[in-house]
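A.B. asks: One structure coming up, written as structure tokens, with questions to follow.
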Amino acid sequence: MPKKTFQVQLSLAERARLQALVTNGTTTAHSHIHARILLKADEGPDGPAWTDVMISSALDVGMSTVARVRQTAVQDGLDVALQRRLPKRVYQRSLDGAAEAHLVALTCSAPPEGAGRWSLRLLAERMVELHYVEAVSHETVRQTLKKTNSNPGA
């Protein structure tokens with residue numbers, strides 16, 4: 007079964023908007039390339055109606071990019087085709103606000119017996135021992151402490 011190609015037909019206003027986007031230079035490279043793809047793919051009365059192969063080689067982008075931009079413009083609209091897609095994955099935070107507060111307090115306390123100072127791994131292990139969290143990696147501890155403005159070494 008052949009792939010369905012989506013026909014992009016831009017109005018004069020949409021075409022002018024895309025031309026302005028390409029020429030003013032204040033947009034992201036992603037939006038700039040997508041606008042140029044749509045301008046070349048325009049099959050309206052004023053459009054050049056280039057094929058996907060021609061657009062791909064002229065703009066140095068992949069064929070799938072051209073096809074995806076066409077499809078998005080036809081199905082979801084011009085604005086969606088110009089914007090980056092947001093990631094669909096939702097990341098669950100390991101430490102909430104209360105656990106972060108406990109971590110900072112723990113960092114400011116005296117280190118355990120036999121250690122000169124707190125290491126990231128020691129902090130992660132102690133957070134689990136004290137039942138503040140079920141599990142936490144030393145990297146999460148590092149990122150959390152990096153966000154705070156505390157300086158326990160000073």
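Counted the way the working numbering counts, the sequence shown spans residues 7 to 160.
No residue lacks a Cβ here, since even glycine has one placed at the ideal position from N, Cα and C.
Does V14 come out as helix, strand or coil in the three-state DSSP assignment?
C.D. replies: V14 falls in the strand class under three-state DSSP.
A.B. asks: Taking only runs that begin and end inside the segment 22–52, name each unbroken alpha helix (DSSP H) of 4 or more residues, in chain order.
C.D. replies: Complete alpha helix (DSSP H) runs here, min 4: 35–47.
A.B. asks: DSSP on D102, reduced to helix/strand/coil?
C.D. replies: D102: coil per DSSP, three-state reduction.
A.B. asks: Using only the alpha-carbon positions, how far apart do S125 and S143 sit?
C.D. replies: Each residue's Cα considered, the two are about 12 Å apart.
A.B. asks: Which first and last residues belong to the alpha helix (DSSP H) in which K153 is found?
C.D. replies: Taken as a continuous stretch (DSSP letters only), the alpha helix (DSSP H) holding K153 covers 144–153.
A.B. asks: What's the C-alpha gap between Q15 and G53?
C.D. replies: Between Q15 and G53, the C-alpha separation is close to 8 Å.
A.B. asks: Helix, strand or coil for E131? Go by DSSP, reduced to three states.
C.D. replies: The answer is helix: DSSP assigns E131 an H, G or I state.
A.B. asks: For L84 and A130, what's the separation of their Cα atoms in angstroms?
C.D. replies: Taking the straight line joining both Cα atoms gives about 47 Å.
A.B. asks: Taking the C-alpha atoms as reference points, what is the distance between M7 and A19?
C.D. replies: Any reading at M7 is ruled out, since the residue's pLDDT is 49, under 50, leaving its predicted position unreliable.
A.B. asks: So, with DSSP's three-state summary, where would you put T71?
C.D. replies: Looking at T71 - three-state DSSP - the assignment turns out to be helix.
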